[in-house]
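Report on the following structure.
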Amino acid sequence: MLLRQWIAVAIMMAWVLPAISNAAGREPITIRTETYPRPPYSGATYYVYERGGAVICTKLAVCNKYDECQTSYHAGVFKDPEDVETGKPYGGSPAVTIPDGKLRKHQCLAKFVPDVL
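So the sequence shown is numbered by the numbering used here: it starts at 13 and just counts up by one.
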């Protein structure tokens with residue numbers, strides 16, 4: 013009898029564990045920044061959204077010295093030609109995981125990856 017119960021539990025675990033690991037194993041979405049100077053007294057900040065090392069979308073905010081910004085959203089990898097000419101970014105931040113509860117607040121994800129919400 014004990015052997016039958018053990019086999020039943022083993023079969024149930026074989027069905028349940030893959031479903032749990034798929035839900036839990038979904039790669040988290042991260043965000044990192046890259047900054048470039050823009051003359052005069054302006055700057056461009058790229059917000060790069062990634063999952064599993066692949067870029068999902070890129071938000072570009074170009075702000076002047078008065079913190080007035082123009083924002084655009086782009087699917088996948090994007091660099092403005094002006095920043096490509098500049099070369100490497102002058103600064104940035106490392107990738108950090110976006111908590112599931114805060115994904116909806118990110119317009120880039122809402123525009124290009126609605127199924128993530």
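Cβ coordinates follow ideal geometry from the N, Cα and C atoms, glycine included.
Item, Value
"Could you tell me which uninterrupted beta strand (DSSP E) segments, each at least 3 residues in length, are contained entirely in the stretch 37-99, listed from first to last along the chain?", "41-50, 54-63, 66-75 and 81-87"
"Note the first and the last residue of the continuous beta strand (DSSP E) segment covering Pro106.", "Gly103 to Thr109"
"What is the DSSP secondary structure of Val125, reduced to helix, strand or coil?", "coil"
"Rounding to the nearest angstrom, what Cα-Cα distance links Thr83 and Arg44 in this structure?", "16 angstroms"
"Spell out a yes or no on whether the stretch 83-103 and the stretch 52-69 are touching, meaning 3 or more CB-CB pairs, one atom from each, closer than 8 angstroms.", "yes"
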